[in-house]
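Contents: one structure, followed by commentary.
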Amino acid sequence: MNLLVLLCLIACCIVGAFGIQCYICNSITHPECENDYEKFLRNCPVKSFGGRKAVPPIGCRKYRQTANQETSLVRECAYLGEDVEGKSNKVF
C-alpha cells in the first residue's frame, strides 16, 4: 500500500513538472489582463467536469466575451477542443 501511495506522489510530481502553463485572468477583474498579463502565468490543473474525471489540459485559450454590454478578455486553460489553424499558445 505504501508503494502505491509513493508511486502516485511521484506521478503527481512528474505531471506538475511537465504540465502546461497558461495565463489565467479576466480583464473585468484584472484590467492588466489585456496587455500586462505575464504575472498571471499559472500551472493548469487536471480537472473533472461534465461526468469526465481527471481531464488533463490540452492548451491555452484566449477569447473576448460580451455580457451586459461589457466586453472582456479571458485567458484560461483549455481542456477540450483542437488547435485552430495549427496555432498553439501552450507555454511549457
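Residues -19 to -1, 1 to 73, numbered by mature numbering (1 follows the signal peptide of the UniProt record, and there is no 0), are exactly what the sequence shown covers, in order.
Glycine residues also receive a C-beta, built at the ideal position from the N, C-alpha and C atoms.
In this structure Cys6 is not in contact with Cys58, their Cβ atoms being roughly 12 Å apart against a cut-off of 8 Å.
Taking Arg42 as reference, the option from Gly32, Arg56, Phe30 and Cys14 with the minimal CA-CA separation is Arg56. Note on geometry: alpha-carbon atoms of Arg45 and Glu13 lie some 14 Å from one another. Judged by beta-carbon spacing, Ile9 lies beyond the 7 Å limit of Pro38, meaning their Cβ atoms are not closer than that value. Distance from the CA of Val27 to the CA of Asn16, rounded to the nearest whole angstrom, comes to 27 Å. Tyr4 has its alpha-carbon roughly 8 Å from the corresponding atom of Lys20. Taken through DSSP and simplified to helix, strand or coil, Cys3 comes out as strand.
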